[in-house]
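Asker: Can you read through this structure? Questions will come right after.
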Amino acid sequence: MPFILICGYPSCGKSRRTEELKKYFENEQKKTVVEVSDHNTGVDRNKVYADSKEEKIVRGNLKSSVQRNLSKETITILDSLNYIKGFRYELYCVTKECQTTQCVIFCDTSKELASEWNNSRAEEEKYLQQIFDGLVQRFEEPRSNNRWDSPLFVIQKDDMLPLDAISDALFKKKAPAPNASTAPQPLSSTNFLYELDKTTQDVVGVIMGSQKTCVPGDTIGVPGATDQLQYCRPLTLAELQRLRRQFITYMKMHPVSNHAQLTNMFIQYLNNTLK
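For the sequence shown, the tail end lands on 279 under our numbering, and the numbers increase by one without skipping.
Structure below.
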């Protein structure tokens with residue numbers, strides 16, 4: 005059954021939209037709906053979003069919960085900030101692997117109004133202003149031309165949810181077929197992790213070296229790869245290493261038998277996230 009990802013600024017009305025969706029699918033379409041969220045599990049949001057390590061753990065828990073609940077019997081809704089496009093891409097890969105449809109609902113509330121709503125909350129539910137401002141600054145807005153953000157429904161504060169259109173997107177469209185980057189395959193050799201680590205590190209090294217002569221709009225070729233990196237902006241080593249770690253984490257759960265695919269798959273991953 006389908007997956008619905010809700011995203012937006014802190015305190016922008018995501019939970020209200022989630023409740024509207026639950027009522028519609030449960031009452032009008034008689035579907036079973038499972039809501040996954042961070043704030044209804046006792047998570048201290050101010051503590052979590054002040055510590056990148058804790059935040060990473062929470063995101064991992066959310067992803068695992070989504071994976072557990074995706075089934076033929078339920079609609080799964082993830083109600084969280086979901087502000088990192090790389091995380092949204094990971095979830096897209098999960099739904100693609102499960103061969104189920106998905107959509108993204110972006111609660112497009114202004115920073116000023118979201119801040120006003122946040123300040124009107126009870127103290128135990130409120131984001132500290134410093135945390136709120138930091139999350140807004142880091143928010144990576146979903147874009148409909150990204151396949152992991154599509155189909156995308158952008159909802160303003162006074163809009164009615166286009167419930168029929170959302171239902172059509174989930175139940176009348178064919179789920180994407182899994183490909184080499186999402187289809188699980190058996191671990192076929194003991195040196196897979198070594199090859200994965202070495203291959204991704206080599207790609208990062210080529211990119212860092214090529215940046216000395218590249219300008220945005222160029223492509224960067226990597227030895228052993230048929231795909232090329234679309235160089236859109238200067239990249240720091242820290243950013244590339246962070247994406248490398250994300251890719252390695254995913255590939256540990258979905259190893260491939262053909263190690264020659266790894267270079268292309270990593271370049272595809274970077275092209276999908278570095279936009």
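Even for Gly, the Cβ is constructed at its ideal location relative to N, Cα and C. Remember, it's a predicted structure, so these values are computed and weren't measured experimentally.
(1) According to the neighbour-count rule (16 or more other Cβ atoms, all chains shown, within 10 Å of its Cβ), is L200 buried or exposed?
(2) By alpha-carbon positions, which one of G228, A242 and Q215 ends up nearest to Q234?
(3) Just checking, does the segment 251-259 make contact with the segment 225-234 on the three C-beta pairs under 8 Å criterion?
(4) Using the C-alpha atoms, what's the distance from T267 back to F110?
(5) From this set, K35, A169, V158 and E30, which residue's C-alpha is nearest G17's C-alpha?
(6) Go through the segment 149-184 residue by residue and report every complete run of the beta strand (DSSP E) that reaches 3 residues or more, in order.
(7) Tell me where the beta strand (DSSP E) around L25 begins and ends.
(8) Could you check what DSSP says for F110 in three-state terms: helix, strand or coil?
(9) Suppose the cutoff is 6 Å on Cβ atoms and the five residues either side in sequence are ignored; what does the same chain contact list for P155 look like?
(10) Taking 9 Å as the cut-off, decide whether the C-beta atoms of V37 and K26 are in contact.
(11) Is L200 close to the ligand MN? I mean its beta-carbon at under 8 Å from any heavy atom of the ligand.
(12) Report yes or no: do three or more beta-carbon pairs, one from the segment 160-172 and one from the segment 79-95, lie closer than 8 Å?
(13) Under the rule that 16 or more other beta-carbon atoms within 10 Å means buried, what is P6, buried or exposed?
(14) Please report how far the alpha carbon of K60 lies from the alpha carbon of S69, in whole angstroms.
(15) Cα separation between F270 and I211?
(16) Just to check my reading of the structure: F91 and R63 have Cβ atoms closer than 8 Å, yes? What is that Cβ distance to the nearest angstrom?
(17) Please list, in chain order, all residues of the same chain as A54 whose beta carbon is under 7 Å from its beta carbon, the five residues on each side excluded.
(18) Assuming I170 and I81 are in contact, meaning their beta carbons sit under 8 Å apart, how far apart are those beta carbons, in whole angstroms?
(19) Kindly identify the DSSP beta-bridge partner or partners of S41.
(20) Can you tell which of K115, D112, D42 and L239 has the C-alpha that lies nearest to the C-alpha of P220?
(21) Which first and last residues belong to the alpha helix (DSSP H) in which T4 is found?
(22) Could you please give me the residues that DSSP links to Q234 through a beta bridge?
(23) By the three-class DSSP mapping on this structure, what secondary structure does C218 have?
(24) Give the range of the alpha helix (DSSP H) segment to which L239 is assigned.
(25) Is the beta carbon of V207 sitting closer than 9 Å to the one on L241?
(26) By a C-beta neighbour count over all protein chains shown, 10 Å radius and 16 as the cutoff for buried, is N73 buried or exposed?
(27) What's the gap between the Cα of T203 and the Cα of Y273?
(28) Which runs of the alpha helix (DSSP H) fall wholly inside the segment 87-137 and span at least 4 residues, in chain order?
(29) How many angstroms separate the CA atom of S114 from the CA atom of T217?
(30) Look up I280 in the DSSP assignment and give the residues it is bridged to.
Answerer: According to the structure shown:
(1) buried
(2) Q215
(3) no
(4) Answer to the nearest angstrom: the Cα atoms are 33 Å apart.
(5) Looking at the Cα atoms, V158 is the closest of the given residues.
(6) 156-159
(7) Looking at the DSSP string, L25 is not in any beta strand (DSSP E); the run it does join, the alpha helix (DSSP H), is K18 to K27.
(8) strand
(9) Result list for P155: C107 and A173, in chain order.
(10) yes
(11) This structure does not include the ligand MN; it has no bound ligands of any sort.
(12) no
(13) buried
(14) 14 Å
(15) Their backbone Cα atoms lie some 12 Å apart in a straight line.
(16) 6 Å
(17) I135
(18) Their Cβ separation, rounded to whole angstroms, is 11 Å, which puts I170 and I81 out of contact at 8 Å.
(19) D83
(20) L239
(21) With the chain running from 5 to 279 in the structure shown, residue 4 is simply not present.
(22) According to DSSP, which records beta bridges pairwise, Q234 is partnered with T223.
(23) coil
(24) Counting along the chain, L239 falls outside any alpha helix (DSSP H), and DSSP gives it neither H nor E.
(25) no
(26) Classification for N73: buried.
(27) 14 Å
(28) 89-101 and 115-123
(29) 40 Å
(30) A question about residue 280 goes unanswered here, because the residues of the chain that appear run from 5 up to 279.
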